[in-house]
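Q:
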Amino acid sequence: MAEFYEPMLYMSTPEHPNTMGVCIVLKESVDGDILRNVVEDLRARFPYFYVKAVPFGNDLKAEDNSLPMTIRNTWEPIRLNSKESNFHMAAWKFEDRKLAFEISHSLTDGAGVLPYVKSTLFLYLSRRYGISFDREGFRLPGDKIPLSETGNPFEELDIDGAEAPMYTKETITDFYRFGDGTLKDPFATFVKIPESQMMQYCRDYDGSPNTFLAVMFARAVRRYDPASDKTVSVSIAVDHKAMLGNYDNYRLFANVIELDFAKDRSLKDIAKSCTIARGQLMLQASLENSLWAMKQRKATFAKLNQVPLEMKLGMIAKSAGSLRWSISISYANSRSFGPLDPYIDELYMLAEPGVADVLCEITCINHYFFLCIARTFPSEKFTDIFLDELSKVGIDYEVTGKEPFHLCGTEAYGK
21 MAEFYEPMLY MSTPEHPNTM GVCIVLKESV DGDILRNVVE DLRARFPYFY
71 VKAVPFGNDL KAEDNSLPMT IRNTWEPIRL NSKESNFHMA AWKFEDRKLA
121 FEISHSLTDG AGVLPYVKST LFLYLSRRYG ISFDREGFRL PGDKIPLSET
171 GNPFEELDID GAEAPMYTKE TITDFYRFGD GTLKDPFATF VKIPESQMMQ
221 YCRDYDGSPN TFLAVMFARA VRRYDPASDK TVSVSIAVDH KAMLGNYDNY
271 RLFANVIELD FAKDRSLKDI AKSCTIARGQ LMLQASLENS LWAMKQRKAT
321 FAKLNQVPLE MKLGMIAKSA GSLRWSISIS YANSRSFGPL DPYIDELYML
371 AEPGVADVLC EITCINHYFF LCIARTFPSE KFTDIFLDEL SKVGIDYEVT
421 GKEPFHLCGT EAYGK
């Protein structure tokens, strides 16, 4: 029987692939042969990413996959858990100066993936340029894998004794929808913003990158559709394992904080709007809330363990594909790759929209914020209005790319 802290592999289905990733733009073209050797060498240090999904009773379990992880010289997507991907739940791809790692979000999150990507770059750049970088802060072959990284991250906590938090927020169901979203033709805009400008406005407006951008997105919605009286619902991703004190564990323990921007609340005063948003955030982001969330997760695991796998996959596919918010924002703490920073031009976290019409993934490196703004509709009008909102407060931006946005899909799980 699966433990509540183990990966919920059934959270990724053909209908809802639930794929995430990291995209890096280097200074020079990628050498595919070096990359392939590096990825294989890192198997010993990150065995939990070199796995296949195997049906086991009423569940799916991750087992070692001895086949090589695929590394393709193309930007076209493939399907994870298929012959095309050697049945892995992750894959690499590269094209000119860009390379990307894509993985089932049911296995891990941004905090879990970034150390692996950093280690890949460490070995790749070391071999590409014959440089001996300082190993401090990197997880490399030959290192001992600490129990905190792969064990129960909450072993020291009284999950069963957690009590319901004092404050619980009621989820908005009648939230703003863009209307032209299809979920079949997602599109992404990639944006670069000076860190100094963003942080200055966060200080001036009592915001954080998450809440400041949430306010700017809400203002953009009001300009995009001034006649709508719907509440703009914005989710902010949080990492429960970080909230509860274990930053090392590779598994996914993400959830969201919900910010609501009702039509009758003026957004003209950005500082006041950010203060209100931060207040909503602080009420929901606490040790108490995270403990309770883990208790609920444990109870859900116990219930789902009794459900046949086929039924469980159908239930998850149906619930996971339903939209829950107008906009989702996620900020993975990346700020530096240490001695590798000079070799990196751009860094983006990737996740296809599916639970919101618009998804903004945020990273920060080399004194710039990098935004991947994915949407479920092809029109660029809303993104253009959002960027204009940034210009209105004096934030410079550079659009570094626009493209149809398709990450790896997921093949159906076999018997």
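Take 21 as the starting number for the sequence shown in the working numbering and just add one per residue. Even glycine gets a Cβ: it sits at the ideal position worked out from N, Cα and C. Since the structure is predicted, the reported quantities are computational estimates derived from the model, not experimental observations.
1) Could you tell me whether the region 349-365 touches the region 391-406, where touching means 3 or more Cβ pairs closer than 8 Å?
2) If you follow the beta strand (DSSP E) that Cys43 is part of, which residue opens it and which one closes it?
3) Taking only beta-carbon atoms, is Glu308 less than 7 Å away from chain E?
4) Taking His426 as the reference, which of Ser310, Pro398, Ile179 and Thr188 has the closest Cα?
5) So, do the region 32-40 and the region 414-430 have three or more beta carbon pairs nearer to each other than 8 Å?
6) Confirm, please, whether the CB-CB distance from Ala282 to Thr436 is below 7 Å.
7) Which residues in the same chain have their Cβ closer than 6 Å to the Cβ of Thr295, if we skip the five residues on either side of it in sequence?
8) For the region 408-419 and the region 208-217, state whether three or more C-beta atom pairs, one from each stretch, are separated by less than 8 Å.
9) Return the Cβ separation of Leu62 and Leu272 in integer angstroms, given the expectation that the two are a contact with Cβ distance under 8 Å.
10) So the beta strand (DSSP E) Val419 belongs to, where does it begin and stop?
11) Out of Arg223, Phe24 and Arg65, point me to the one whose CA is closest to Asn172's CA.
12) So, is Ser310 buried or exposed, given that buried needs 16 or more other C-beta atoms within 10 angstroms?
13) Distance check for Ile98 and Ser105, CA to CA, integer angstroms please.
14) In this structure, how does DSSP classify Ser139 when only helix, strand and coil are distinguished?
15) Apart from the five residues on each side of it in sequence, which residues of its chain come closer than 8 Å, Cβ to Cβ, to His260?
16) From what residue to what residue does the alpha helix (DSSP H) around Ile364 run?
17) Distance check for Pro424 and Met331, CA to CA, integer angstroms please.
18) Which one of Phe207, Ser168 and Pro185 has the shortest CA to CA distance from Tyr270?
A: So, from the data block:
1) Between the region 349-365 and the region 391-406 there are fewer than three C-beta pairs closer than 8 Å, too few to call the two in contact.
2) If you look at Cys43, you'll find it in the beta strand (DSSP E) that goes Thr39 to Leu46.
3) Here chain E cannot be found, since the structure has a single protein chain.
4) Of the candidates Ser310, Pro398, Ile179 and Thr188, the one whose C-alpha sits nearest the C-alpha of His426 is Pro398.
5) With three or more CB-CB distances shorter than 8 Å, the region 32-40 counts as touching the region 414-430.
6) The question about residue 436 has no answer, for the chain in this structure spans 21 to 435.
7) Around Thr295: Asp226.
8) Contact between the region 408-419 and the region 208-217 is present, because at least three Cβ pairs lie under 8 Å.
9) The C-beta separation of Leu62 from Leu272 comes to about 20 Å, leaving the pair out of contact by the 8 Å criterion.
10) Run containing Val419: Glu418 to Pro424, per the beta strand (DSSP E) assignment.
11) Of the candidates Arg223, Phe24 and Arg65, Phe24 places its Cα closest to the Cα of Asn172.
12) Burial call: buried.
13) Take the alpha-carbon of Ser105 and the one of Ile98: they are about 7 Å apart.
14) Residue state, collapsed to three classes: helix.
15) Result list for His260: Phe273, Ala274, Asn275, Ser310, Ala313 and Met314, in chain order.
16) For Ile364, there is no enclosing alpha helix (DSSP H); the residue is part of the beta strand (DSSP E) that begins and ends at Ile364 to Ala371.
17) Rounded to the nearest whole angstrom, the C-alpha separation of Met331 and Pro424 is 33 Å.
18) Closest option to Tyr270, Cα to Cα, is Ser168.
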